[in-house]
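Protein chains: 2
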Amino acid sequence: MSKILIVEDEKSIADLIAMGLKANGYEIDFALDGGVGADCIMDHHYDLILLDIMLPNYDGYELLEYARRESFPVIFITAKGEVKDKVKGLNMGADDYIVKPFEMEELVARVNSVLRRYKAVINLPNIKINTKTRQVFVQDKEIKLTPKEYDLLIYLEENGGTILTREQILFHVWDADFDETRTVDLHIGRLRQKLGLEDVIKTIYKIGYLFEV
Amino acid sequence: MSKILIVEDEKSIADLIAMGLKANGYEIDFALDGGVGADCIMDHHYDLILLDIMLPNYDGYELLEYARRESFPVIFITAKGEVKDKVKGLNMGADDYIVKPFEMEELVARVNSVLRRYKAVINLPNIKINTKTRQVFVQDKEIKLTPKEYDLLIYLEENGGTILTREQILFHVWDADFDETRTVDLHIGRLRQKLGLEDVIKTIYKIGYLFEV
DNA sequence: TAATCTTGTATCTAAAATGTATCTAAAAGA
DNA sequence: TCTTTTAGATACATTTTAGATACAAGATTA
């Protein structure tokens, strides 16, 4: 069972998160301020850390450093409008971020996804992905992917077995809202061709795509 | 063979540590109180010092000062809940810390890691780095690096095999927060050229750089 | 104080990625 | 079967990004 540390000064939010995650089988530790957070990070092992950046009397980035040292994966919790912080956090090595207020479903999805993704090597039939170097190998031969192609592949893999609409894909991979273009189709095509995924990435006519597992 | 000094007043713990480290091929000296510890540090050469901060009648930080002066690497041993001390220790220049009670495995791992980091000579294909003198040799010919270039090289080498974003590099090597400039790119270019690292330092388009190992 | 070295900005160029347009083929419904 | 809609394929133009060079400001040394 995975153990998760929540570093969040607002007790009500922390409780809510804890409840949601416990319901999904995670074990939870709390830290209501940065000091305790640092303490926990150093003393225990966690599979994941949920970290509010805006902690009173403490710089969340400092905690990120500690978490990095122990190589724990980190998801940032951030309030709306702290966009720059989000970007900064991600670039500095957070694995994901989530914006308050959020749906519990989304939080759980992201937690699951980061935990799965944190595996350095993802193994698929014929395909190996090294997430540390963003390298992709098809039958031990490296295939160069562009950033978008790589991100798309990861998103598809994370959601293997579920049908994804073009809108969902656009939203997650492109961070775009809505679009009438064929961008997604094009990139799906390129992935299929480069990685020989013609049969793995199925087209769901009029709906979207499905990465078969 | 590496020689390690253990400064720890609890005999039983000191014995335990010594046993574990000896089993891994390290030579051990003891100091059961701060005074003896200071003497040892000044009289002998050690490759590493394991230092309990909470010594009776003695401030562990004082010993850290001595160790620093001799430029011995230091790992703090600290009891649960002494977080502030831990942080203080790291900020004061300890190289790592470990929290009691700890697994012997973890201790050995950290000792190994610190010693590796402290190695006077780093050997890479074609390149030799003397960290004591900050000299860099390419095929036994010295190449003069500027301070920034050298720091960048060390940071890249320490994180070999992982993609580093420009933000991460800026943060660690420049101590700068955010930046829209091309400073990192420029210095990467200079390193590549001076040391012939064109193929070793890979550009990860739109992401950052990767030092291949 | 002059000379040299270091560092980073500006500018230009080359390369890579991305997405639009267009055409063709396949799927679904009548 | 025919028509319409939808998705795949290809080519190409645009945009973004990184490398190279020159140079200026600041720091360091002689």
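Sequences listed follow chains A and B, in order.
So in the numbering used here, spot 154 of the first sequence is number 154, and the numbers just go up one at a time.
Heads up, the numbering used here is the position in the second sequence plus 1000, with the first residue counted as 1.
We put the CB at the ideal spot given by N, CA and C, even for glycine.
Supposed contact pair residue j and residue i - C-beta distance, whole angstroms, cut 8 Å
i, j, result
"Leu63 of chain A", "Ala38 of chain A", "6 Å"
"Ile201 of chain A", "Ile163 of chain A", "With a Cβ gap of about 11 Å, Ile201 of chain A and Ile163 of chain A do not count as contacting."
"Ile1049 of chain B", "Val1007 of chain B", "7 Å"
"Ile1143 of chain B", "Lys1194 of chain B", "5 Å"
"Cys40 of chain A", "Asp29 of chain A", "6 Å"
"Gly1161 of chain B", "Thr133 of chain A", "7 Å"
"Met104 of chain A", "Gly196 of chain A", "Going by Cβ atoms, the distance from Met104 of chain A to Gly196 of chain A rounds to 38 Å, so no, they are not a contact pair."
"Asp1015 of chain B", "Leu1055 of chain B", "The pair is not a contact, with the Cβ atoms about 17 Å apart (cut-off 8 Å)."
Alpha helix (DSSP H) segment containing residue i, residue limits
i, result
"Ile1041 of chain B", "Gly1034 to Asp1043"
Residue closest to residue i, alpha-carbon to alpha-carbon, out of the options
i, options, result
"Lys141 of chain A", "A:Ile163, A:Asn126, A:Tyr155 and A:Phe72", "A:Asn126"
"Val213 of chain A", "A:Ile6, A:Leu124 and A:Arg69", "A:Leu124"
"Glu180 of chain A", "A:Ile41, A:Asn57, A:Arg192 and A:Glu167", "A:Glu167"
"Val1138 of chain B", "B:Asp1029, B:Lys1128, B:Thr1146 and B:Pro1147", "B:Lys1128"
"Thr1078 of chain B", "A:Ile17, A:Met42 and A:Tyr209", "A:Met42"
"Gly36 of chain A", "A:Phe72, A:Gly60 and A:Glu157", "The residue asked about is misnamed: residue 36 of chain A is Val in this sequence, not Gly. The shortest Cα separation from Val36 of chain A among A:Phe72, A:Gly60 and A:Glu157 belongs to A:Gly60."
"Leu1210 of chain B", "B:Ser1113, B:Met1001 and B:Glu1157", "B:Glu1157"
"Ser1146 of chain B", "B:His1187, B:Gly1025 and B:Lys1206", "Note on identity: in this sequence residue 1146 of chain B is Thr, with Ser being the wrong assignment. Nearest C-alpha to Thr1146 of chain B: B:His1187."
"Ala214 of chain A", "A:Leu5, A:Asp177 and A:His44", "Nothing can be reported for residue 214 of chain A: it is not among the residues displayed for chain A, which extend from 1 to 213."
"Val1114 of chain B", "B:Asp1175, B:Asp1047 and B:Gly1189", "B:Asp1047"
"His1044 of chain B", "B:Tyr1097, B:Val1121, B:Val1136 and B:Ser1071", "B:Ser1071"
"Met1 of chain A", "A:Asn112, A:Ile122 and A:Lys11", "A:Asn112"
"Glu1106 of chain B", "B:Asn1057, B:Arg1069, B:Ile1017 and B:Ser1012", "B:Ile1017"
"Asn1159 of chain B", "A:Arg69, A:Ala176 and A:Arg182", "A:Arg69"
6 Å CB neighbourhood of residue i in its chain, flanking five on each side removed
i, result
"Ile169 of chain A", "Val184"
"Asp151 of chain A", "Val173"
"Lys3 of chain A", "Glu27, Tyr46 and Asp47"
"Pro1101 of chain B", "none"
"Tyr1058 of chain B", "Gly1034"
"Glu198 of chain A", "Arg192"
"Arg116 of chain A", "none"
Per DSSP, the bridge partner or partners of residue i
i, result
"Leu170 of chain A", "In the DSSP output, where bridge partners are listed per residue, Leu170 of chain A has none listed."
"Ile1098 of chain B", "B:Ile1077"
"Asn123 of chain A", "A:Lys128"
"Leu195 of chain A", "Paired residues: none, contrary to the question."
"Leu1051 of chain B", "B:Val1007 and B:Phe1076"
"Asp1029 of chain B", "B:Leu1005"
"Asp177 of chain A", "Looking at the DSSP assignment, Asp177 of chain A forms no beta bridge with any residue, so it has no partner."
"Leu164 of chain A", "A:Tyr209"
"Val1111 of chain B", "Beta-bridge pairing links Val1111 of chain B to no other residue."
"Tyr58 of chain A", "A:Leu55"
"Lys202 of chain A", "A:Leu210"
Contact set for residue i: own chain, Cβ-Cβ below 7 Å, skip 5 residues either direction
i, result
"Val1074 of chain B", "Ile1049, Leu1051, Leu1064, Ala1067, Ala1094 and Asp1095"
"Ile207 of chain A", "Ile163 and Thr165"
"Arg190 of chain A", "Glu149"
"Ala109 of chain A", "none"
"Lys22 of chain A", "Ile28"
"Lys1011 of chain B", "Leu1032"
Unbroken beta strand (DSSP E) run spanning residue i, endpoints
i, result
"Leu1145 of chain B", "That residue, Leu1145 of chain B, is in no beta strand (DSSP E); it is neither H nor E in DSSP."
"Thr1133 of chain B", "From DSSP, Thr1133 of chain B is part of no beta strand (DSSP E); its letter is neither H nor E."
Same chain, Cβ closer than 8 Å to residue i, five either side skipped, listed in chain order
i, result
"Phe1178 of chain B", "Glu1167 and Leu1170"
"Asn1119 of chain B", "First, the residue type needs correcting, since residue 1119 of chain B is Lys and not Asn in the sequence shown. The answer, listed in chain order, is Thr1131."
"Val1121 of chain B", "Lys1128, Ile1129, Asn1130 and Thr1131"
"Gln1135 of chain B", "Ile1129 and Glu1142"
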